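A quick write-up on the structure given underneath.
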Amino acid sequence: MKLLLFVDRWLTRITGWLIIFFLSVMILMAFGQVVLRNFFHTSIEWGDVFLRHLVLWLGFLGAVIATERYRKVIYIITNIFAAGICFLLMEAAIAFVQMEGQAGDTLILNLPTTYFIIIIPVGYAIISFRFVVRSAAWTAEIVRGNWLLPEEQH
Numbered sequence: 010m011k012l013l014l015f016v017d018r019w020l021t022r023i024t025g026w027l028i029i030f031f032l033s034v035m036i037l038m039a040f041g042q043v044v045l046r047n048f049f050h051t052s053i054e055w056g057d058v059f060l061r062h063l064v065l066w067l068g069f070l071g072a073v074i075a076t077e078r079y080r081k082v083i084y085i086i087t088n089i090f091a092a093g094i095c096f097l098l099m100e101a102a103i104a105f106v107q108m109e110g111q112a113g114d115t116l117i118l119n120l121p122t123t124y125f126i127i128i129i130p131v132g133y134a135i136i137s138f139r140f141v142v143r144s145a146a147w148t149a150e151i152v153r154g155n156w157l158l159p160e161e162q163h
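10 is the number of the first residue of the sequence shown in this note's numbering; add one for each residue after it.
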């Protein structure tokens, strides 16, 4: 995982430098086109097409950088969704445990089956709780201005 995070950090740095480079080229190229048209009545024939494609590149590179900031928000949304799914599974597991209790089946040492399967709704409840707590903690961090996930912090 450390290697992947290392690569991710380098990709972020390289993306930042590419944005600076492409933006500089765009500014110089656009300025050069204006100067050539206004003072020399000519232009670089492929300049406008090149600038449009640089805008495309900058848009995607900017999106790469933007995903860094909002990654925690995406994690919050997915954790809340996962908590909801776990809550629904917990409710279904409660119904299952109740049905097993009504059936009156027993397992080892003549103990009711419900003693052994009660972990299912309890497990889903704990998992759901942890998803909600993690989402609340990340939301509080964002409110305080910390947009980075723990593994992204140096």
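Glycine included, each C-beta is placed from N, C-alpha and C at the ideal position. Since the structure is predicted, the reported quantities are computational estimates derived from the model, not experimental observations.
- Evaluate contact between the region 91–111 and the region 128–140, counting only Cβ atoms and requiring at least three cross-stretch pairs below 8 Å. Touching, per the Cβ criterion.
Can you round the beta-carbon distance between T24 and V73 to whole angstroms, since I take them to be within the 8 Å contact cut? On the sequence shown, position 15 is the one that residue 24 refers to. On the sequence shown, position 64 is the one that residue 73 refers to. The pair is a contact, with the Cβ atoms about 5 Å apart (cut-off 8 Å).
Range of the contiguous alpha helix (DSSP H) that encloses N88: Translated into the one-based positions of the sequence shown, residue 88 becomes position 79. It spans G56 to A112 - the alpha helix (DSSP H) in which N88 sits, taken as one unbroken run.
By a C-beta neighbour count over all protein chains shown, 10 Å radius and 16 as the cutoff for buried, is F140 buried or exposed?
-> Taking the sequence shown and counting its residues from 1, one reaches residue 140 at position 131. Counting Cβ neighbours within 10 Å, F140 comes out buried, since at least 16 surround it.
| Would you call the region 63–79 and the region 109–129 in contact, with 3 or more CB pairs under 8 Å? | Of all C-beta pairs linking the region 63–79 to the region 109–129, fewer than three are shorter than 8 Å, placing the two stretches out of contact.
Quiz item: Can you find a CB in chain D that lies within less than 8 Å of the CB of L63?
Solution: Considering every chain present, this structure includes no chain D. It has just one protein chain.
Practice problem: Under 6 Å Cβ to Cβ from S144, same chain only, skipping five residues before and after it: list those, please. | Solution: Residue 144 sits at position 135 when you count from the first residue of the sequence shown. Closer than 6 Å at Cβ, skipping near neighbours: I85, N88 and I89.
Our contact map puts R78 next to W26 with C-beta atoms below 8 Å; I'd like the distance itself, whole angstroms only.
Position 69 of the sequence shown holds residue 78. Position 17 of the sequence shown holds residue 26. Contact flag wrong, Cβ pair sits at about 18 Å.
**Asked** P121 bridges to which residues according to DSSP?
**Response** Your numbering for residue 121 matches position 112 in the sequence shown. Paired residues: T115.
Anyone know if the C-beta pair for R80 and L14 falls short of 8 Å? Counting from 1 along the sequence shown, the entry for residue 80 is found at position 71. Counting from 1 along the sequence shown, the entry for residue 14 is found at position 5. No, these two residues do not count as a Cβ contact at 8 Å.
Quiz prompt | T51, DSSP secondary structure in three states | solution = By one-based count along the sequence shown, residue 51 stands at place 42. If DSSP states are grouped into helix, strand and coil, T51 belongs with coil.
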